[in-house]
Amino acid sequence: MNWRRIKFPIFLICFQVLFLLLFAVLGEYGEDARPKMPGDSAASVKLYPYFQDVHVMIFIGFGFLMTFLKRYGFGAVSINLLIAAFVIQWAFIVRGIIHSVAHGHGHAKFPIYLGEMLSADFAAATVLISFGAVLGKASPIQLIVMALIEVVLAQINEWIGLDIFGAVDIGESMYIHAFGAYFGLAVARVLYNDKYDEARSEGSVYHSDIFSMIGTVFLWIFWPSFNGGAADGDEQQRALINTYLSLAACTVVTFALSQLVDKRGKLNMVHVQNATLAGGVALGTSANMPLQPWVAMLIGCIAGTISVVGYQYLTPVLHSKLKIHDTCGVNNLHGMPGILAGLVGAIMAAMASTDGWGESVYEIFPLMIPMENSTEYASAVANFSVTAPGPGRSSTTQGGYQMLALVITLVIAIVGGALTGLLLRMPCFDNVDGKQMFDDREFFIVEGQGFPSNEEEAIEEGNDTKLRMLSD
Amino acid sequence: MNWRRIKFPIFLICFQVLFLLLFAVLGEYGEDARPKMPGDSAASVKLYPYFQDVHVMIFIGFGFLMTFLKRYGFGAVSINLLIAAFVIQWAFIVRGIIHSVAHGHGHAKFPIYLGEMLSADFAAATVLISFGAVLGKASPIQLIVMALIEVVLAQINEWIGLDIFGAVDIGESMYIHAFGAYFGLAVARVLYNDKYDEARSEGSVYHSDIFSMIGTVFLWIFWPSFNGGAADGDEQQRALINTYLSLAACTVVTFALSQLVDKRGKLNMVHVQNATLAGGVALGTSANMPLQPWVAMLIGCIAGTISVVGYQYLTPVLHSKLKIHDTCGVNNLHGMPGILAGLVGAIMAAMASTDGWGESVYEIFPLMIPMENSTEYASAVANFSVTAPGPGRSSTTQGGYQMLALVITLVIAIVGGALTGLLLRMPCFDNVDGKQMFDDREFFIVEGQGFPSNEEEAIEEGNDTKLRMLSD
Amino acid sequence: MNWRRIKFPIFLICFQVLFLLLFAVLGEYGEDARPKMPGDSAASVKLYPYFQDVHVMIFIGFGFLMTFLKRYGFGAVSINLLIAAFVIQWAFIVRGIIHSVAHGHGHAKFPIYLGEMLSADFAAATVLISFGAVLGKASPIQLIVMALIEVVLAQINEWIGLDIFGAVDIGESMYIHAFGAYFGLAVARVLYNDKYDEARSEGSVYHSDIFSMIGTVFLWIFWPSFNGGAADGDEQQRALINTYLSLAACTVVTFALSQLVDKRGKLNMVHVQNATLAGGVALGTSANMPLQPWVAMLIGCIAGTISVVGYQYLTPVLHSKLKIHDTCGVNNLHGMPGILAGLVGAIMAAMASTDGWGESVYEIFPLMIPMENSTEYASAVANFSVTAPGPGRSSTTQGGYQMLALVITLVIAIVGGALTGLLLRMPCFDNVDGKQMFDDREFFIVEGQGFPSNEEEAIEEGNDTKLRMLSD
């Protein structure tokens, strides 16, 4: 009996059975998806094109972005698919239980409808960002255990921020990007070991960098849908426009700085693949807030700058000084731009006023609805567990709660990630290190031909066909 | 005069001219697409995003999924494009003639509108599935002849099942997936020869397996649109949800079983590329039927199991014992999951009742509309050539007709495929075998560099640059 | 101080700052995107799925189509991203200023909304087509300077054609495709030098041709959205249908001719990658005009023919006789099919009548609205700077203006391109030639492994790892 062969499969199957049971007992179609007679059309189907754009980002975008490693292409795109498929089921359950407990009503069932599918995909994004921090260094079973814990913590954090504090985050740059990045970095720190010198598989080859661009460009294209998909009407259109402009400005700045920071004045594909996207992250909290298009562009410029500088100067220091090895540089793409997003959101909220924006400000920040208008907006307010001050809070208060949500997010992510990392170091979870890192041959059948070889390995192991043939 | 050079072009051009003539004589814009004054907007344009999702599946999804062969990447994605472009024109004509004859009205013209574009893309899917069974083993002219015949038979079969028997199949898992798979397998059986030992080009290289994942992931992402695109309202939303959940569950099970069936406990990219999609096929008939989300997930789990087990144990046996060489394993991705879909559809139909689902059951199964309500649903009923019992049939009767449609589908596919295969063996259709198989150099200009080489070939033919240079 | 290292970054940053300032001073949200109360939904959000299809074409489609060069994959997809991100900002400004000046009203601000995002993406397409003509032969700074000038000229040209002449072009085959192609070819001509013999990096490798097909297929899939996205109602549906059918017919003809023109009777991937798309270009002007589906198919057939014949016979002659080196063959994909589109548009306009098409003809050609109906159509007419005859022009007059717009387009493109090319030859713009051409190592950090090597280079420079190892 090969224990290694059956441990992970049994683990997966047990959880899949558990998911089935929980869906059977607790799941039910949401209102929109229940049987109706003709004419009662489901309004939320208009969400579907936005959902599909996000769906492409999760599965193609994240999956291919991570194929840049020369010998971990199978792992990148396949394990990305596995994690996402696992998490979207788990997220329905976790979200359902949290909201059921939180709202304290007798109805324990969780609803299954298009809007929750979008939320489930968002939950997958959180875990996939953390995956990027430990890419090539964690076993599939470690990644699935990480996913199980991270989804619970991320959803609790989102619930605290959104429902308790009323801190809005339309593109979830705090609740997804910052959370996923710092959770993943904390895990990476705890899993750190000294055998990176042996891992000769890290790095890209020419065509793996082109595969990675498939991910980059699809993420770039559909990011407006990520930030604007959950909004509506003119608010949605502004979120789409602002994200589009922020990304464009970010991209120009990324190319400029990438060349500037290189001694030979050459562009770096790592920057092109990642920093061009920072403008989407950085606008995620404020995309629908009262700001002007040029402000969105300015935020994009700042995000691109932070990201390139981070890749060039900060990532090596984190590795050498703090023993944080960040495979994909998620700190530069999701972490720091996510914090920037939270800060911008707080500032925009604190500056929000009805001057020039009218009562549409109340659509963006429902807890700023004045007491005297609260019946008019009863439905908007009803969604909140109003333990925090509101309705009727001032813009300054709203800004303060936005800041608080950012801080709480970072605390839960870092502490939760560190504790999760400790758990993952248990021997039963098959830690990966040394030569096994960044190498598909550890977990996949790789038949050899076309697998990028290391020079030293070629000599040591004689696995290079041509060399072997010639030496015959 | 090089006959080989001009035969296929002349063949294609003749048919393209024929298509032009038939469109000129028989084609006309459908009601929605005819000139109108402003305000009379075309409702069916809301179908367009679903159509485009399916369109991506047909051209990117199927095309790239088949690029896994190391030396047949040009053929996979290019011939896929050719077949699909050819079939979508032919399908308009064939469908138009069948429906004109069947409905027996004087109006011989066929309508051209968005809904028919979706049907034409679906017709292409059928042929592309069969293409997968003979990938690398059939000449372009054989494939186009196969397409000409298969479209006719598949459309007749769909008409029998859908219009005569009233057997519904929202994602066409019977009429497309099962039909395409068994038609293709029958062709593959008849075209079988004993020269597979010479075909040293079968198999993948590292990056061809990553190209293939582009196809896999886009198919995975958009499969809900395939199963739900033709539905409407809440029925559509349930089809989208159920397919999404089925795929997620199927994917988790696929990874578990892929590792379990390998002696070394490693994941197999063939399973990741294909079996993860079986959950979409298996739900194609019942996606909109009265079932609960957990049932959709259970069907996905079963489909993933069947598919991995099929790839691992059945495909080799089909080849060695039954002389059926199934290049892409369409039996495991489309065939058996398609049969499963048909069986599930029959069971769900037989169990359908208005308890809990109300009259929405009549939207799903129009021939179950009670006689006394038939005027109310006159338009729904009018679409059927009511030779089969109905309206007013019981759920058991509906289930029986669903079964019958599945059986008829398999019979027409296998018999039709075998006869087509016999025709294709005629020398004029340029059979491919031996060393020519799975090799782009047979039909494409391949300039050499980067073309994956065989070790033996490198020695025999000296076509490996580096070897040649060194031997100088 | 390395001047080369900082020149381009400073150039980019200066323009990005300028864009920020101009957006701050002159930009404002369009009517649809301005804050509104609930219920006043933004109608133009229905444009978003079409916009996203076009967005995929610009960034994935154009970007990957150009990755066919074996050693210029980074440049193709990355510089494509940079140019497009730069142009979409610049286009808002240029379009805003032109329309503000042209309409002569006091309101100098330019509107930012979803429709302008589509126009900005279209503007990027123009420049990216020109990029294809000089691919691998121009430095990034040359390309950005080209973009700056070309956007201005292209938008002026579009304004002349559309607003002054009232020459409609729904898919912008004249204003984008023909303009971009001939502008780019004029630049390529002026930049021509005699060192092509040294450029040993031109040409593809096996997998770079497959990367290119990602671009081809996505362009193919979404071209109906390019031609029909800006239309509405039944007019839109006809544009979608016609483009779809034209592409299908074009593809069949392309495969036939590709095999026919090759001496060995083999298919050429250059034709598959490019000529299959000519049917989309050729229908761009007339997609929504009064024509029948079979006419769309016929136009597709002609376009495929022109394109394959152009690649096979014309491109080499342009290079050897006229010293026009057209890297991507934009003359065959965008140039000649764009002219064809303009001619077809003129013919269709000249033949347009209300017989059978009713007053919907006036929706397509607003300046043909009879004088007596002009109040009824006041809003349609108000969009035009009516210096040209109209409203009330005859179909012949309309056809004449369509022709005139085509001629003016070609004149402005060629003269503008030539002058731009002269400017780009200034030494400060870092001309690229000789060995540096078609080689990513000139502008990108390329770490070596997997970078396709030249045989001679391998010998000369000893940069081939295996050779070096063996010679040790």
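Residue numbers (this note's numbering), protein chains in the order written: chain B, 657 to 1128; chain R, 657 to 1128; chain S, 657 to 1128.
Note that CB positions come from ideal geometry on N, CA and C, so glycine has one too.
Residue-chain proximity (residue i, chain S), Cβ-Cβ < 8 Å
{"i": "R:PHE793", "result": "Note on identity: in this sequence residue 793 of chain R is Lys, with Phe being the wrong assignment. No, its Cβ sits nowhere closer than 8 Å to a Cβ of chain S."}
{"i": "B:TYR969", "result": "no"}
{"i": "R:PHE664", "result": "yes"}
{"i": "R:PRO863", "result": "The amino acid occupying residue 863 of chain R in the given sequence is His; Pro does not appear at that position. Output row for R:HIS863: interface = yes."}
{"i": "B:CYS984", "result": "no"}
Residue i, buried or exposed, once every other Cβ within 10 Å from all chains shown has been counted against 16
{"i": "B:CYS957", "result": "buried"}
{"i": "S:MET1082", "result": "exposed"}
{"i": "S:LYS692", "result": "buried"}
{"i": "S:SER1009", "result": "exposed"}
{"i": "B:GLU891", "result": "buried"}
Contact check, residue i vs residue j, beta carbons under 8 Å
{"i": "B:ILE714", "j": "B:ALA803", "result": "no"}
{"i": "R:PHE742", "j": "S:VAL909", "result": "no"}
{"i": "S:TYR831", "j": "S:GLU806", "result": "no"}
{"i": "R:TYR728", "j": "R:PHE1094", "result": "yes"}
{"i": "B:LEU1066", "j": "B:ALA834", "result": "yes"}
{"i": "B:MET722", "j": "B:LEU799", "result": "no"}
{"i": "S:GLY936", "j": "S:THR899", "result": "yes"}
{"i": "S:TRP950", "j": "R:PHE748", "result": "no"}
{"i": "S:VAL701", "j": "B:GLN948", "result": "no"}
{"i": "B:GLY885", "j": "B:LEU774", "result": "yes"}
{"i": "R:PHE821", "j": "R:LEU1060", "result": "yes"}
{"i": "B:ILE955", "j": "B:ALA931", "result": "no"}
Cutoff 8 Å: residue i Cβ touching any chain R Cβ
{"i": "B:ILE1083", "result": "It should be pointed out that residue 1083 of chain B corresponds to Pro in this sequence rather than to Ile. By this cut-off, B:PRO1083 is not an interface position."}
{"i": "S:ARG727", "result": "no"}
{"i": "B:GLN745", "result": "yes"}
{"i": "S:VAL1042", "result": "Model confidence at S:VAL1042 stands at a pLDDT of 49, short of 50, so the residue's coordinates are unreliable; what they give is reported in the following sentence. Judged by the 8 Å Cβ criterion, S:VAL1042 is not in contact with chain R."}
{"i": "S:VAL691", "result": "Correcting the residue type first, residue 691 of chain S is Pro in the shown sequence and not Val. Chain R contact via Cβ: absent."}
{"i": "B:GLN708", "result": "yes"}
{"i": "B:SER734", "result": "yes"}
Closest residue to residue i among the options (Cα-Cα distance)
{"i": "B:LYS663", "options": "R:SER914, R:MET1004, R:GLY1073, R:VAL937", "result": "R:SER914"}
{"i": "R:GLY985", "options": "R:GLY683, R:GLY788, R:LEU725", "result": "R:GLY788"}
{"i": "R:GLU1103", "options": "S:ARG690, S:TYR706, S:ASP865", "result": "S:ASP865"}
{"i": "R:GLY1048", "options": "R:ALA904, R:ILE1068, R:ILE1025, R:SER829", "result": "R:ILE1025"}
{"i": "B:ASN658", "options": "R:PHE748, R:ASP918, R:GLY998, R:MET1007", "result": "R:ASP918"}
{"i": "R:LEU1062", "options": "R:ILE669, R:TYR685, R:GLY686, R:GLY836", "result": "R:GLY836"}
{"i": "R:ILE995", "options": "R:PHE878, R:GLU1015, R:PRO949, R:ILE1064", "result": "R:ILE1064"}
{"i": "B:LEU933", "options": "B:LEU954, B:ALA959, B:MET953", "result": "B:ALA959"}
{"i": "B:LEU1080", "options": "B:GLU684, B:ARG845, B:ASP709", "result": "B:ARG845"}
{"i": "B:HIS711", "options": "B:GLU1019, B:GLY731, B:ALA740", "result": "B:ALA740"}
Contact with chain B by residue i, beta-carbon distance below 8 Å
{"i": "S:GLN811", "result": "no"}
{"i": "R:PRO1108", "result": "yes"}
{"i": "R:GLN1105", "result": "no"}
{"i": "R:LYS1091", "result": "no"}
{"i": "S:PHE730", "result": "yes"}
{"i": "S:TYR704", "result": "yes"}
{"i": "S:ASN1087", "result": "no"}
What are the uninterrupted segments assigned as alpha helix (DSSP H) that are 4 or more residues long and contained completely in the stretch 813-855 of chain R, given in chain order? 835-847
Which full runs of the alpha helix (DSSP H) of 4+ residues lie inside the stretch 1046-1076 of chain S, going along the chain? none
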